[in-house]
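This report refers to the structure that appears directly beneath it.
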Ligand code: ADP
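Numbering (the working numbering), first residue to last: 791 to 1157.
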């Protein structure tokens, strides 16, 4: 079975045609299916809904998922409800079409890697930005996509101001900072507007940041994921063809439990965990130079060993790092070969090795 297997797509279309819609008609009689694609055994479907129809369409989504899962050869199913265009009229002729061949989003990007954490505030965004700069310092062309819709921090971390320029057609050009290409919901909409968005709107916003931004040729696009392991995260993980994920955690148990959930989520969609980074590992007192393990120490390292994923390194709790971030001048841009800069560069080199060897090790955690 391959992505160009027309028989299989026909079979999939037939399998979901009888799914009932809230208005009493069936999916096969509507134009709700706006995309159907196959990649290996992974099948993705997008269903067009109007804003406000999300709740009513949850059973439809579940039924489509169940029908597709039952087909032989399907390893995973990804059904997304999109509300980014007006609802199709039920009067239009019955047709279930495969999405027209659009240029593949991110076609010029060699590797897409997610940076994730189970919960907020562990330093995921700070780590993403400094790692991105560390990859760049190794000679890679790097982009950063801030998919953390509820708390976009890229504009602050990279000092982005103004709005992105328009590219060809309806595309947007990424912004530029410190030699990185960057895009964040924070430069597109007022963060307070995004706060009240629900699942499908978030998904279509993220999809647009991926497909409507002209990222051009990149060695690496780092995606700063929203914290947590809900539907939006899962959909994003599966929808972006990720080469791997990097998990950021603090040493405390609580954050580690959350980090484990993140790894489990990536496992579910066959995305390898490239490694765990322990952030805020210990505090080096600027006055006396002594080291204090405020959040405990070594938790993430021990966990990484236990579940068999690489440990990428530990970053100290550092006032210098925090003030550099808040000032929009990342530490890696300011002092790439300083002690912190070297830590990020070592991590970037390890990840580059794993990406180039194509075989990121897969974690074995079960829950
Ligand atoms: P997240 O993306 O996980 O929500 P952020 O990257 O926004 O977290 O970081 C949260 C806060 O912690 C920010 O003020 C940031 O400057 C600070 N921070 C992150 N990592 C460190 C660190 N290693 N040392 C000191 N402060 C840090």
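We put the CB at the ideal spot given by N, CA and C, even for glycine. Because the structure is a prediction, the values reported are computed rather than measured.
query: Contact under 8 angstroms by Cβ, residue 1119 with residue 949; result: yes
query: Neighbourhood of residue 913 by C-beta, 7 angstroms cutoff - its chain only, sequence neighbours within 5 removed; result: 1038, 1069, 1070
query: Contact test: residue 1124 Cβ vs the ligand ADP heavy atom, cutoff 7 angstroms; result: no
query: Distance, residue 1077 Cα to residue 1103 Cα; result: 25 angstroms
query: Start and end residues, alpha helix (DSSP H) containing residue 1135; result: 1129-1146
query: Residue 800 Cβ short of 7 angstroms to the ligand ADP heavy atom set; result: no
query: Beta-carbon gap between residue 837 and residue 847 smaller than 8 angstroms; result: yes
query: Cα-Cα separation, residue 1088 to residue 1041; result: 6 angstroms
query: For residue 834, the first and last residue of its enclosing beta strand (DSSP E); result: 832-838
query: Neighbourhood of residue 885 by C-beta distance below 7 angstroms, restricted to the same chain and skipping five residues each side; result: Here the model assigns residue 885 a pLDDT of 40, short of 50, so the residue's position is not dependable and the matter cannot be decided.
query: Any non-hydrogen atom of the ligand ADP closer than 7 angstroms to residue 1106 Cβ; result: yes
query: Residues that residue 956 bridges to, as DSSP identifies them; result: 962
query: Alpha carbon of residue 899 to alpha carbon of residue 960, nearest angstrom; result: 20 angstroms
query: Cβ-based neighbour list, residue 1164, same chain, cut-off 7 angstroms, excluding 5 preceding and 5 following; result: With the chain represented from 791 up to 1157, any question about residue 1164 goes unanswered, as that position is not in the structure.
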